[in-house]
Each structure stands twice: as C-alpha cells, then as structure tokens.
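Visitor: Taken in order, these protein sequences are the chains called A and B.
The opening residue of the first sequence carries number 1 in this note's numbering; numbering runs sequentially from there.
The opening residue of the second sequence carries number 1 in this note's numbering; numbering runs sequentially from there.
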Amino acid sequence: MDLRLDVSERDGWSVLQVGGEIDVATAPRLREQLIKLVNDQRFMIVVDLGAVDFIDSTGLGVLIGALKRVRTHDGNLALVCTEPRIVKVFEITGLNQVFQIFPSVDAAVIT
Amino acid sequence: MDQPVVPTDLGEFVELELPARPEVVALARLVVGAVAAVEPLFDEARGADLRLAVSEACTNAIQAQLAGREGSDRDAPIVLRCSVKDGKIKLAVQDHGGGFDPKGLPEHPAVTDPARLDFEGGLGIPIIRLLADDLQFQASPGGTTVVMTFGPRVATEQPFL
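Okay, structure coming up:
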C-alpha cells in the first residue's frame, strides 16, 4: 500500500504532505509521523491532503488524535484539501467543523 | 445439510475470500469500485461512496477478528460478496470475529464539544449508515455479516453528527 509522507517547514509551521491512500493499513505510519512531530516540539502543523486519493474513518481518527495532541500544547493542526471526494468525508462526518480546512498551504499558514 | 454459503437471491455476484490483514482492504475497495464502474447508473461519486463503505466494513471485520474475542477465529478469511440486482448493488462482508452488537456502539459527543476529540474511533458504522440505502447486521457462524445495499443515488450531504 502506497502512502507518501514528506515534512517541510514553512513560516513557523511544519507542513506534512501526504499522498496516496489513508486506511487501516497505512494510517499507523501517518500516526507515527504526527507523533514524531509533536515529540519534536512541533505544535503548529499543516497536513496537506492534496495528493490523498482516499481516506476513511481510520485516517480521520489519526487526524483527530493529532489535533488533540497539538491542542494540549496550545498548538494547531490545519488541513489542506480541495478534492471533493475527500472534503465530502469530512463534511458527512461533521469533522469539517472540528478541523480548519484550507484550499492551499499558503492559506493555512497565514492563519 | 448446511445452508448454502451464497444466498440464492443475489443475482449476479462476485465473491472474494480475503485473509484478515489490513493490507487487503485496498483490494476490497478496488473490487467494489470495479463493480460500481460497470453499472451505468452508478456515477463516480456513488462509486466512491461504495469504496468508502466497504473499506469501513472490511476494517471492522478485520479488527474484530484480530481482537481475539471469545468465539473468534483470527485465521479465517473475511468474505466479501458483491452482487447486482434490480439496479442495486449489495455488498456483504462476513467475519469470524465472534459476534457484535451494533446497539452497543458508543455515542459521540457533538462535533462542537471539546470532548469529541476523545473519540478517534467508532466512525465507521455511522459512515456506512449514511452512505448505504440499507444496512443490516446478520449473525453468521462465528461472527457477523454486514449487508449493505446501495441504489445509484448520491448520498445525502447532511452531516449525521
């Protein structure tokens, strides 16, 4: 199963670019990467889902866990997503009210 | 004589036995996506609904089986059946996870409640309920069969939480 993860820094934010499919097989790698960022004192995180083809509730759970972790350090976790099929998963679960979802990394790091 | 493994009212169907491993969920999505793609009434968005629903059902099945509850068999295959009849697609996912009570699912706090962040799991069945026209849990030997029926309509955009 293909999951691509790439971390970069941008205006004080850690930007985690994710590509591929996020499901029960790949979500553990995403969780590990997000925990590593928090352990490295990176509490302002943008997760760029722009190259994600699929996400299910297992992936949503990882993002919820990461949001909780950064918030306990007064941090934030923003999402970047424009693909309608992916945005829909956040909308139908109501999680678009929990996460800030931006159309681009540029828009996310301005907040 | 035992009951036939394949119900006789399914019409055309595809049956897959999958080992209970996380890696096979992608394969289940691929098969279901292909079944939806050949049905002219099912557009791409509806195909995505079916792939999401089967991903949730197979994830639950595999996790139930690997949890090692009493009566479960972690070495048994997960069985996925896809059938098309009367313009509807029916997906059945059978596990040997020892049985499950859908009424025992925890209630989630409202999305605006900070306590919502304490719940990383438990979204799978609510998602299936929203996407499928009909959802049934049937007790099957040693486990549960989740039966989901989909018409070609695009599911409602109304959030359920």
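Virtual Cβ for every residue (Gly too), placed ideally from N, Cα, C.
As the structure is a computational prediction, the values presented were derived from the model and not from experiment.
Which residues in chain A sit within 7 Å of G124 (chain B), going by Cβ to Cβ distance?
Guide: One-based indexing of the second sequence puts residue 124 (chain B) at position 124. Here the neighbours are S57.
Visitor: Compute the Euclidean distance between the alpha carbons of I130 (chain A) and A48 (chain B), then round it to the nearest angstrom.
Guide: Any question about residue 130 (chain A) goes unanswered here, given that chain A covers just 1 to 111.
Visitor: Going by the C-beta, is V24 (chain A) closer than 7 Å to any heavy atom of the ligand GDP?
Guide: As presented, the structure is devoid of all ligands, the ligand GDP included, so that no description of it is given.
Visitor: DSSP three-state call for A48 (chain B): helix, strand or coil?
Guide: For this step, residue 48 (chain B) is matched to residue 48 along the second sequence. Correct three-state label for A48 (chain B): helix.
Visitor: Where does S83 (chain B) sit, in a helix, a strand or coil, going by DSSP?
Guide: Looking up residue 83 (chain B) in the second sequence gives position 83. Note: S83 (chain B) maps to strand in three-state DSSP.
Visitor: Alpha carbon to alpha carbon, what distance is there between R42 (chain A) and W13 (chain A)?
Guide: Taking the first residue of the first sequence as position 1, residue 13 (chain A) is located at position 13. Taking the first residue of the first sequence as position 1, residue 42 (chain A) is located at position 42. Between W13 (chain A) and R42 (chain A), the C-alpha separation is close to 8 Å.
Visitor: Report yes if the C-beta distance between V14 (chain B) and V25 (chain B) is below 8 Å; otherwise report no.
Guide: Counting from 1 along the second sequence, the entry for residue 14 (chain B) is found at position 14. Counting from 1 along the second sequence, the entry for residue 25 (chain B) is found at position 25. Against a cut-off of 8 Å, the Cβ pair of V25 (chain B) and V14 (chain B) comes out as no contact.
Visitor: If you drop the 5 nearest sequence neighbours on each side, which residues of the same chain put their C-beta closer than 6 Å to that of C81 (chain A)?
Guide: Taking the first sequence and counting its residues from 1, one reaches residue 81 (chain A) at position 81. The residues are L49, V87 and I101.
Visitor: Only counting runs of 4 or more residues, tell me where the alpha helix (DSSP H) segments fall wholly within the segment 58-139 of chain B, in order along the chain.
Guide: Whole alpha helix (DSSP H) segments, 4+ residues: 124-131.
Visitor: Nearest-angstrom Cα distance between V7 (chain A) and V38 (chain A)?
Guide: Stepping through the first sequence from its first residue, residue 7 (chain A) is reached at position 7. Stepping through the first sequence from its first residue, residue 38 (chain A) is reached at position 38. Computed Cα separation, rounded: 13 Å.
Visitor: If G122 (chain B) sits next to H108 (chain B), beta carbons under 8 Å apart, how far is it from one beta carbon to the other, in whole angstroms?
Guide: Here residue 122 (chain B) refers to the residue found at position 122 of the second sequence. Here residue 108 (chain B) refers to the residue found at position 108 of the second sequence. Correct: roughly 7 Å between the Cβ atoms.
Visitor: Comparing alpha-carbon positions, which option in A:I55, A:T93, A:L16 and A:Q97 lies nearest K36 (chain A)?
Guide: For the purposes of this step, residue 36 (chain A) is taken as residue 36 along the first sequence, with counting starting at 1. Residue A:L16 is the option with its Cα nearest to K36 (chain A).
Visitor: Which runs of the beta strand (DSSP E) spanning at least 3 residues fall entirely within the segment 6-65 of chain A, listed in chain order?
Guide: Fully enclosed beta strand (DSSP E) runs of 3 or longer: 13-22 and 44-55.
Visitor: Between V111 (chain B) and chain A, is the shortest Cβ-Cβ distance under 8 Å, so that the two count as touching?
Guide: The sequence position of residue 111 (chain B) within the second sequence is 111, counting from 1. True, the Cβ-Cβ gap to chain A drops below 8 Å.
Visitor: What do you get for G61 (chain A), buried or exposed, if any count of 16 or more other CB atoms within 10 angstroms of its CB means buried?
Guide: Locating residue 61 (chain A) in the first sequence gives position 61, where the first residue counts as 1. Buried.
Visitor: Checking contacts by CB at 8 Å: is I64 (chain A) closer than that to chain B?
Guide: Along the first sequence, one-based indexing puts residue 64 (chain A) at 64. Answer yes: the Cβ-Cβ gap between I64 (chain A) and chain B drops below 8 Å somewhere.
Visitor: If you measure from the beta carbon of L16 (chain B) to each beta carbon in chain A, is any gap under 8 Å?
Guide: Reading the second sequence from its first residue, position 16 is the one you call residue 16 (chain B). By this cut-off, L16 (chain B) is not an interface position.
Visitor: Helix, strand or coil: which one does DSSP assign to F150 (chain B)?
Guide: Locating residue 150 (chain B) in the second sequence gives position 150, where the first residue counts as 1. Three-state DSSP puts F150 (chain B) in a strand.
Visitor: Return the first residue and the last residue of the beta strand (DSSP E) that V80 (chain A) is part of.
Guide: Reading the first sequence from its first residue, position 80 is the one you call residue 80 (chain A). Run containing V80 (chain A): N76 to V80, per the beta strand (DSSP E) assignment.
Visitor: Look at the alpha carbon of R116 (chain B) and the alpha carbon of A110 (chain B), and state the distance between them as a whole number of angstroms.
Guide: Counting from one through the second sequence, the residue named residue 116 (chain B) turns up at place 116. Counting from one through the second sequence, the residue named residue 110 (chain B) turns up at place 110. Distance between the alpha carbons of R116 (chain B) and A110 (chain B): 6 Å.
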